[in-house]
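Numbering (my numbering), first residue to last: 1 to 378.
Idealized CB from N, CA, C, for every residue including glycine.
This is the structure:
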């Protein structure tokens with residue numbers, strides 16, 4: 001495992017962090033974590049050098065923190081930097097900040113959080129919690145030792161990002177970043193800005209919710225095959241991020257032991273400036289091709305769920321994108337019409353807009369669902 005400097009802190013963190021958002025599940029229900037396998041995976045990662053574990057209040061329908069707490073027993077808590085996040089959208093009073101932090105400490109079975117983030121900040125949520133004196137709360141939690149370092153995760157525009165960076169003495173921030181999102185939200189500009197201020201930068205969605213890992217379309221695979229050094233799609237995506245010196249940690253939400261093992265191997269051999277100009281050119285060409293083929297830029301984070309009408313929003317978008325990228329539209333038309341329950345289809349959308357309020361990508365979900373139904377219905 002390679003280790004990297006964490007902003008202006010005097011310690012180093014593993015290049016790979018374990019994101020606890022996509023644990024293996026049972027019965028197709030994200031709230032039912034396969035605890036035995038998840039604990040086995042997390043401990044294996046720690047035993048092989050991973051020292052940063054990231055979870056959050058809503059992950060796996062509020063069950064991720066509980067499983068992480070179990071996994072970090074038997075001495076594992078002392079081996080890692082533990083990160084979790086305040087559900088800012090659920091807070092309406094100053095007292096709520098303490099309520100959620102104390103609940104998280106109990107679920108995680110720990111007396112302190114190493115890295116505590118204000119979760120999924122946007123222009124509106126930032127104004128709301130700032131008015132509730134969230135910065136005073138962070139000062140108090142740092143002073144009494146319940147948290148060791150304060151940071152925030154982010155989903156909005158670059159101007160809002162810079163405003164937040166400049167508003168407090170943060171230790172770190174967390175941004176969505178991958179080779180498809182160089183100019184999206186904080187992007188490369190935000191990465192460099194935060195690093196210039198001494199913040200550690202944690203990268204989430206490095207593989208776009210797994211979209212950059214699945215078997216590539218033929219047009220993309222042809223580009224990868226032209227590379228002198230052969231890599232898997234996951235290796236390409238992770239290596240592109242680790243190539244950049246401003247990045248402190250890359251989080252990966254791993255669902256299988258095989259993914260854990262592969263990512264640990266990649267993290268042990270890919271460092272700063274490890275990609276050649278030819279490698280960078282190949283990734284640029286892959287990015288251009290994916291942009292041509294992708295219909296909806298959904299990362300399947302499930303923040304839009306549950307839909308009040310029962311629409312399986314990420315599943316609809318996945319079928320739509322796959323039909324475009326893999327040139328096998330009949331396969332996905334059949335899945336939409338014959339395998340997906342009618343209530344879960346895009347056509348069941350009642351256009352209430354709650355999904356768009358929750359979407360960290362700020363996608364026009366209602367319009368996209370209409371496009372899905374038009375393309376796939378029969």
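Report task. Return the Cβ separation of residue 249 and residue 15 in integer angstroms, given the expectation that the two are a contact with Cβ distance under 8 Å. Result -> 7 Å
Query raised in the report: Got a sec? Which residues, its chain only, sit under 6 Å from residue 300 by beta carbon, not counting five neighbours each side?
Result: Closer than 6 Å at the Cβ level, and outside the excluded window around residue 300, lie 209 and 314.
Query - residue 52 versus residue 163: straight-line alpha-carbon distance, rounded - result: 27 Å
Query raised in the report: Between the C-alpha atoms of residue 17 and residue 199, what's the straight-line distance to the nearest angstrom?
Result: 17 Å
Query raised in the report: Can the beta-carbon of residue 388 be found closer than 7 Å to that of residue 349?
Result: Outside the shown range of the chain, which is 1 to 378, sits residue 388, and nothing can be said about it.
Query raised in the report: Residues in its own chain within less than 7 Å of residue 87 by CB, not counting five upstream and five downstream?
Result: 57, 58, 100 and 119
Query raised in the report: residue 365 to residue 23, Cα distance in whole Å?
Result: 26 Å
Query raised in the report: Nearest to residue 306 by alpha carbon, out of 343, 290, 292 and 271?
Result: For residue 306, the nearest C-alpha among the options comes from 343.
Report task. Express the C-alpha separation of residue 372 and residue 38 in angstroms, rounding to a whole number. Result -> 34 Å
**Report entry** Whole-angstrom C-beta distance between residue 84 and residue 55, which should lie under 8 Å
**Finding:** 5 Å
Query raised in the report: When the Cα of residue 180 is compared with those of 116, 296 and 97, which residue comes out closest?
Result: 296
Query raised in the report: Whose C-beta lies closer than 7 Å to the C-beta of residue 94 among residues of the same chain, with five residues either side of it excluded?
Result: 132, 133 and 137
Requested in this report: Whole angstroms is fine: what's the gap from residue 278's alpha carbon to residue 67's?
Outcome: 42 Å
Query raised in the report: Does the region 221 to 237 come close enough to the region 182 to 190 to have 3 or more Cβ pairs within less than 8 Å?
Result: no
Requested in this report: Please name the residue or residues paired with residue 152 in a DSSP beta bridge.
Outcome: 118 and 173
Query raised in the report: Which residue comes first and which comes last in the beta strand (DSSP E) that contains residue 231?
Result: Per DSSP, residue 231 belongs to no beta strand (DSSP E) and is neither H nor E.
Query raised in the report: For the candidate residues 156, 113, 203 and 262, whose alpha-carbon lies nearest to that of residue 80?
Result: 113
Query raised in the report: What are the boundary residues of the alpha helix (DSSP H) that includes residue 18?
Result: Taken as a continuous stretch (DSSP letters only), residue 18 belongs to no alpha helix (DSSP H), being part of the beta strand (DSSP E) at 16 to 19.
Query raised in the report: Just reading off the alpha helix (DSSP H) that residue 259 is part of, what are its end residues?
Result: 257 to 267
Query - Simplified DSSP assignment, three categories, for residue 294 - result: coil
Requested in this report: Scan the region 91 to 149 and note each continuous alpha helix (DSSP H) run of 4 residues or more that stays entirely inside, going in chain order.
Outcome: 94 to 108, 123 to 131 and 134 to 144
Query raised in the report: Do the CB positions of residue 151 and residue 171 come within less than 7 Å of each other?
Result: yes
Requested in this report: Quick one: measure Cβ to Cβ for residue 274 and residue 337, integer angstroms, because I've assumed they're closer than 8 Å.
Outcome: Not quite, the Cβ-Cβ distance comes to about 46 Å (not below 8 Å), so this is no contact.
Report task. Decide if residue 245 is buried, meaning its Cβ has at least 16 other Cβ atoms within 10 Å, or exposed. Result -> exposed
Query raised in the report: Exposed or buried, residue 351, counting other C-beta atoms within 10 Å across all chains shown (16 or more means buried)?
Result: exposed
Query raised in the report: Tell me, which residues are paired with residue 201 by DSSP?
Result: 173
Requested in this report: Kindly indicate which residue of 60, 294 and 223 has the alpha-carbon position closest to the one of residue 280.
Outcome: 223
Requested in this report: Tell me whether residue 229 is buried or exposed, calling it buried when 16 or more other Cβ atoms sit within 10 Å of its Cβ.
Outcome: In the assembly as shown, residue 229 is an exposed residue. Its beta-carbon has fewer than 16 other beta-carbons within 10 Å.
**Report entry** residue 207 versus residue 252: straight-line alpha-carbon distance, rounded
**Finding:** 8 Å
**Report entry** Candidates 78, 284 and 266: closest to residue 381 by CA position
**Finding:** With the chain covering 1 to 378 only, the question about residue 381 has no answer from this structure.
Requested in this report: Helix, strand or coil for residue 190, going by three-state DSSP, please let me know.
Outcome: helix
Requested in this report: Compute the beta-carbon to beta-carbon distance between residue 48 and residue 264, rounded to the nearest angstrom, for a pair I have assumed lies under 8 Å.
Outcome: 5 Å
Query raised in the report: Using a Cβ-Cβ cut-off of 6 Å (strictly less than) and excluding sequence neighbours within five positions of residue 213, which residues of its own chain qualify?
Result: 207, 233 and 234
Query - Secondary structure of residue 237, DSSP reduced to three states - result: helix
Query raised in the report: With 16 other CB atoms within 10 Å as the buried threshold, where does residue 190 fall?
Result: buried
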